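This report refers to the structure that appears directly beneath it.
There are 2 protein chains.
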Amino acid sequence: MNSITANAQPLEATVAELSRAVGLLLRRLRAESNADELTWSQTVALSHLEQAGAMTTAELARAEQVKPQSMGATLAELEREGLVARQPHPTDGRQVLFALTSEGVRARRKRSAAKQKWLLDAMGALDTSEQRTLIAAAELLKRLAETHAEEE
Amino acid sequence: MNSITANAQPLEATVAELSRAVGLLLRRLRAESNADELTWSQTVALSHLEQAGAMTTAELARAEQVKPQSMGATLAELEREGLVARQPHPTDGRQVLFALTSEGVRARRKRSAAKQKWLLDAMGALDTSEQRTLIAAAELLKRLAETHAEEE
DNA sequence: TATTGTTATACTCTATAACTATA
DNA sequence: TATAGTTATAGAGTATAACAATA
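Line order of the protein sequences matches chains A and B. All letters in the first sequence, in the order written, are residues 32 to 183 by my numbering. All letters in the second sequence, in the order written, are residues 32 to 183 by my numbering.
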């Protein structure tokens with residue numbers, strides 16, 4: 032319809048394909064994750080804690096855009112497994128800080144590599160320009176996910 | 032470590048970021064989907080049937096890389112809601128073809144636009160080169176998701 | 001009053017296992 | 001025997017609602 036051939040595809044079709052691709056890939060990531068002892072959600076929570084040192088339930092929930100109750104369930108499970116531990120918040124008695132235990136650190140290091148190995152291998156099989164596309168896309172997808180719905 | 036600056040980031044970091052971005056976006060897509068009367072999985076199944084006309088449980092399961100039992104559950108729910116109907120397979124008595132009913136077509140058309148409206152809006156807010164990146168990424172993500180794990 | 005977290009409950013999505021019917 | 005589908009069961013992930021403690 033116009034001369035920008037790379038954009039000839041209507042945005043609707045791209046949205047549909049992108050949605051489906053994202054669904055397929057996440058299902059695959061979860062399935063691979065299950066081969067390990069950590070679930071997908073647990074892995075994500077642990078990696079936040081590894082980066083940040085200690086976070087509250089509410090902070091983690093905001094980072095992953097889930098409800099605090101949902102994150103609370105994930106943290107409770109990790110705590111039961113001894114991978115995270117609570118610390119009192121220094122100034123606010125309502126809040127609870129969670130941090131990796133030494134076993135949590137160990138588990139995280141040991142498993143994170145193996146966990147996403149298939150994706151690493153699959154990405155390694157792409158050529159350099161394709162890898163660059165995905166690096167850029169990761170940033171864009173994050174931005175899309177964080178777009179507010181209440182903009183209309 | 033080398034001169035290709037766009038690739039200076041280790042692939043591991045990209046894999047982690049891409050995984051997380053995909054998780055965030057799908058969670059968001061599901062949440063928006065719930066505002067509708069169709070769930071995410073139902074929507075995906077309906078769009079396959081809309082494109083293909085009629086498909087068997089096994090075909091749909093393969094297309095979405097889930098087990099036949101899982102797809103069977105989704106189809107059973109859609110059937111209960113009157114959005115899809117069974118047809119006997121012309122030559123194989125074991126197989127069952129599913130197709131959209133007229134209500135299924137109507138529901139699909141009516142809802143598909145609204146369903147992904149926020150993503151359409153969000154993508155519309157990106158510039159042309161960013162949109163192009165996502166168009167290319169959709170294809171790559173699909174390819175990644177379909178990579179076999181058993182390659183090692 | 002507002003915020004943080006917890007407990008209780010339910011729904012969606014998906015899997016595995018065991019089964020029936022047909023090829 | 002192999003394949004398509006169904007039924008039963010379970011676990012992960014998430015949500016909403018109602019509550020308690022603290023700010």
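Heads up, the beta-carbon is just placed ideally off N, CA and C, and yes, glycines get one too. Here the structure is a predicted model, which is why all the values come from computation and not from measurement.
Kindly indicate if chain A contains any beta-carbon less than 8 angstroms away from that of residue i.
i                : result
Gln147 (chain B) : yes
Lys173 (chain B) : yes
Leu157 (chain B) : yes
Arg125 (chain B) : no
Met86 (chain B)  : no
Val115 (chain B) : no
Met154 (chain B) : yes
Arg51 (chain B)  : yes
Ala47 (chain B)  : yes
Glu43 (chain B)  : yes
Ser133 (chain B) : no
Leu150 (chain B) : yes
Gln82 (chain B)  : no
Ala167 (chain B) : yes
Gln73 (chain B)  : no
Gln100 (chain B) : no
Gln96 (chain B)  : yes
With a 10 Å radius around its C-beta and 16 neighbouring C-beta atoms as the bar for buried, classify residue i as buried or exposed.
i                : result
Ala169 (chain B) : buried
Arg117 (chain B) : exposed
Thr122 (chain A) : exposed
Ser133 (chain A) : exposed
Ala176 (chain A) : buried
Gly135 (chain B) : buried
Thr159 (chain A) : exposed
Ala66 (chain B)  : exposed
Gly124 (chain B) : exposed
Pro41 (chain A)  : exposed
Ala76 (chain B)  : buried
Ala104 (chain A) : exposed
Locate the beta strand (DSSP E) running through residue i, then write down its first and last residues.
i                : result
Gln118 (chain B) : Val115 to Pro119
Val127 (chain B) : Val127 to Leu131
How far does the alpha helix (DSSP H) with residue i in it extend, from its first residue to its last?
i                : result
Val46 (chain A)  : Leu42 to Asn65
Gln147 (chain A) : Element bounds for Gln147 (chain A): n/a, residue is neither H nor E.
Thr74 (chain B)  : Trp71 to Ala83
Thr164 (chain B) : Thr159 to Ala176
I need the straight-line Cα distance from residue i to residue j, nearest angstrom please.
i                : j                : result
Thr74 (chain B)  : His120 (chain A) : 44 angstroms
His79 (chain A)  : Leu165 (chain A) : 22 angstroms
Glu90 (chain A)  : Ala83 (chain A)  : 11 angstroms
Ala156 (chain A) : Leu106 (chain A) : 35 angstroms
Ala188 (chain A) : Glu48 (chain B)  : Nothing in the structure corresponds to residue 188 (chain A), since chain A is present only between 32 and 183.
Thr70 (chain A)  : Ser64 (chain A)  : 6 angstroms
Ala44 (chain A)  : Gln147 (chain B) : 11 angstroms
Ala92 (chain B)  : Leu128 (chain A) : 42 angstroms
Thr88 (chain A)  : Arg140 (chain B) : 40 angstroms
Glu95 (chain A)  : Pro99 (chain B)  : 31 angstroms
Lys52 (chain A)  : Lys173 (chain B) : Note that residue 52 (chain A) is Ala in the sequence shown here, rather than Lys. Using only the alpha carbons, I get a separation of about 5 angstroms.
Ala138 (chain A) : Glu110 (chain A) : 13 angstroms
Arg61 (chain B)  : Gly113 (chain A) : 31 angstroms
Ala178 (chain B) : Gln126 (chain A) : Per the sequence shown, residue 178 (chain B) should be read as Thr rather than Ala. Cα-Cα distance, rounded: 43 angstroms.
Arg202 (chain B) : Arg58 (chain A)  : This structure leaves residue 202 (chain B) out entirely; chain B is present only between 32 and 183.
Leu150 (chain A) : Leu56 (chain B)  : 18 angstroms
Ala85 (chain A)  : Met154 (chain B) : 34 angstroms
Val97 (chain B)  : Arg142 (chain A) : 25 angstroms
Would you please verify whether the beta carbon of residue i is less than 8 angstroms from any beta carbon of chain B?
i                : result
Glu108 (chain A) : no
Gly54 (chain A)  : yes
Thr164 (chain A) : yes
Val136 (chain A) : no
Arg59 (chain A)  : yes
Thr178 (chain A) : yes
Ala89 (chain A)  : no
Glu161 (chain A) : yes
Relative to the ligand ADP, is the shortest distance from any of its heavy atoms to the C-beta of residue i smaller than 7 angstroms?
i                : result
Thr122 (chain B) : Among the components of this structure there are no ligands whatsoever, and the ligand ADP is therefore not found.
Those runs of the alpha helix (DSSP H) which lie wholly inside the stretch 85-119 of chain B and span at least 4 residues
Those alpha helix (DSSP H) runs which fall completely within the stretch 85-119 of chain B and span 4+ residues are 88-95 and 99-111.
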